[in-house]
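Asks: All you need for the numbering used here is the position in the sequence shown, starting with 1, plus 11.
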Amino acid sequence: MHNPANATGIEVFQELLPDAVSVAVFDTAFHQTLPRENYLYPLPYEYYTKYGARKYGAHGTSHRYVAERAADMMGKPLSELKLITLHLGAGASITAIKDGKSFDTSMGFTPLAGLMMATRSGDVDPSLIYYIQEREGLSNAEMLRILNNKSGLLGVSTLSSDMRDLEEVADTNEHAKLALDMFLNRVVRYLGQYTFEMGGVDGIVFTAGIGENAANVREDIIARLKFLGIEMDKEANNVRGVERIISTPESSATVLLVPTNEELEIARDVERLKAQAGK
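#1: Can you list the alpha helix (DSSP H) stretches of 4 or more residues lying completely in the segment 171 to 227, in chain order?
#2: Determine, using beta-carbon pairs with one atom in the segment 122 to 139 and one in the segment 193 to 208, whether at least three such pairs fall under 8 Å.
#3: Considering only residues of the same chain and omitting the five flanking positions on each side of A69, which have a CB-CB separation below 7 Å?
#4: Near M154, which residues of its chain fall below 7 Å by C-beta distance, leaving aside the five closest residues on each side in sequence?
#5: Should G240 go down as buried or exposed, given a rule of 16 or more other Cβ atoms within 10 Å for buried?
#6: For T60, count neighbouring Cβ atoms within 10 angstroms of its own Cβ and tell me buried if that reaches 16, exposed if not.
#7: Determine the burial state of Y205: buried for a count of at least 16 other Cβ atoms within 10 Å of its Cβ, exposed for fewer.
#8: Do you know how far the Cα of V77 is from the Cα of L170?
#9: Just to confirm before moving on: does the CB-CB distance between T218 and L275 stay below 9 Å?
#10: Measure the CB-CB distance between R131 and G163 and report whether it falls below 9 Å.
#11: Can you say whether R175 is buried or exposed, counting buried as having 16 or more other CB atoms within 10 angstroms of its CB?
#12: Give the DSSP-derived three-state secondary structure of D30 in the structure shown.
#13: Please report the Cβ distance between G166 and A81, rounded to the nearest whole angstrom; I am assuming they are in contact, meaning their Cβ atoms lie under 8 Å.
#14: By DSSP's criteria, D115 is part of a beta bridge. Which residues make up the other side?
#15: Taking H42 and Y67 to be in contact with their CB atoms under 8 Å, please state how far apart those CB atoms are, rounded to whole angstroms.
#16: Should E178 and N227 be called a contact, given that it needs their Cβ atoms to be closer than 9 Å?
#17: Nearest to S258 by alpha carbon, out of R229, T72 and R251?
#18: Would you call the CB atoms of V36 and D244 closer than 9 Å?
#19: Determine the DSSP secondary structure at H98, reduced to helix, strand or coil.
#20: Applying the 10 Å Cβ sphere with the 16-neighbour rule, what's the burial state of F114?
#21: Reducing DSSP to helix, strand and coil, say where L126 ends up.
#22: What residue range does the beta strand (DSSP E) around T9 cover?
#23: What's the gap between the Cα of H13 and the Cα of V23?
#24: Within 10 angstroms of the Cβ of T106, are there 16 or more other Cβ atoms? Answer buried if so, exposed if not.
#25: At 3 residues or longer, what runs of the beta strand (DSSP E) sit wholly inside the segment 225 to 274?
#26: Let me confirm a value: N224 is counted as buried when at least 16 other C-beta atoms fall within 10 Å, else exposed. Which label applies?
#27: Please name the residue in P53, G100, I95 and E26 whose C-alpha comes closest to that of G222.
#28: Counting along the chain, where does the alpha helix (DSSP H) carrying H70 start and finish?
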């Protein structure tokens with residue numbers, strides 16, 4: 012989706028500013044540290060060697076930025092923390108960060124995998140896809156379009172892909188409430204998985220459109236983690252897009268709200284690459 016426009020931008024700058032250095036920063040780059048047991052799929056190994064069939068993840072620039080800010084806010088080196096970063100927007104992903112590196116992430120070979128999103132399905136049994144495709148007489152392209160553009164919050168609610176619209180009618184519309192509950196369930200499922208994978212969690216970080224602005228969503232998610240001793244400070248949480256700690260002092264893990272700044276993180280990546288190249 013984004014790459015053709017980016018490639019065009021590079022070509023234009025090479026033509027207009029031939030002496031300028033072009034730098035490509037990939038949203039998958041942060042996830043290059045995933046251990047093999049986390050990025051491989053349980054398919055015949057030859058598909059990985061022949062086609063690169065593996066998890067690549069996405070939103071890496073955002074996950075890295077908010078993790079670095081969270082470490083600063085907690086007053087500890089990122090390398091000493093176990094963090095779970097939640098990039099919750101129209102596209103949504105969760106990343107486990109251990110020893111300062113991406114350890115696992117919810118998106119997969121493509122950004123279609125993982126959480127339920129605005130119009131994307133997230134994780135679905137592959138056999139179900141084939142089952143529906145066969146009975147509906149859908150082509151591969153048509154089925155992919157449904158999974159990417161007509162599923163998620165939109166598909167389940169049958170109303171809207173915008174969480175705000177669904178929240179307005181959730182008290183009276185069964186499908187809207189169901190879509191919201193399913194979204195929350197899948198977020199909590201990944202939070203639990205990553206907490207156990209890392210052997211605990213020091214910080215949970217909310218970011219992106221929903222994560223930054225939907226205080227009630229943050230509260231509902233953390234409420235489901237109370238049995239782990241993680242507690243939300245409701246007063247501190249009652250903000251939108253403000254960088255702050257939103258957990259209680261007694262909470263077993265720090266919960267943070269960190270507005271993302273992918274542009275700044277890209278600029279930092281450029282500076283790091285220039286320094287490595289001696290330019």
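The C-beta atom is built at its ideal place from N, Cα and C for all residues, glycine as well. Please read these numbers as outputs of a predicted model, since none were measured by experiment.
Replies: Here's the rundown:
#1: Complete alpha helix (DSSP H) runs here, min 4: 174 to 180, 185 to 209 and 219 to 224.
#2: Yes, they touch.
#3: Once the five neighbours on either side are set aside, the close Cβ partners of A69 are D38, T39, S104, M118 and P122.
#4: The answer, listed in chain order, is I140 and Q144.
#5: Label assigned to G240: exposed.
#6: Around the beta-carbon of T60, fewer than 16 other beta-carbon atoms lie within 10 Å, marking it exposed.
#7: Per the 10 Å Cβ criterion, buried.
#8: One Cα belongs to L170, the other to V77, and the distance between them is close to 32 Å.
#9: No; because the gap between Cβ atoms is not below 9 Å, this pair is not in contact.
#10: A contact, by the Cβ cut-off of 9 Å.
#11: With fewer than 16 other Cβ atoms within 10 Å, it is exposed.
#12: D30: coil per DSSP, three-state reduction.
#13: With a beta-carbon spacing of about 33 Å, G166 and A81 fall beyond the 8 Å limit used to define contacts.
#14: Looking at the DSSP assignment, D115 forms a beta bridge with A107.
#15: So it is a contact: roughly 6 Å between Cβ atoms.
#16: With respect to the 9 Å criterion, E178 and N227 are classified as neighbours on the basis of their beta carbons.
#17: Scanning R229, T72 and R251 for the CA closest to the CA of S258 turns up R229.
#18: By the CB criterion at 9 Å, V36 and D244 fall outside the cutoff.
#19: Note: H98 maps to strand in three-state DSSP.
#20: Label assigned to F114: buried.
#21: Coil at L126, not helix or strand.
#22: No answer is possible for residue 9: it lies beyond the span of the chain, which begins at 12 and ends at 290.
#23: Taking the straight line joining both Cα atoms gives about 16 Å.
#24: Under this definition T106 is a buried residue.
#25: Complete beta strand (DSSP E) runs here, min 3: 265 to 268.
#26: Under this definition N224 is a buried residue.
#27: In this structure, G100 is the residue among P53, G100, I95 and E26 with its C-alpha nearest to the C-alpha of G222.
#28: Per DSSP, H70 belongs to no alpha helix (DSSP H) and is neither H nor E.
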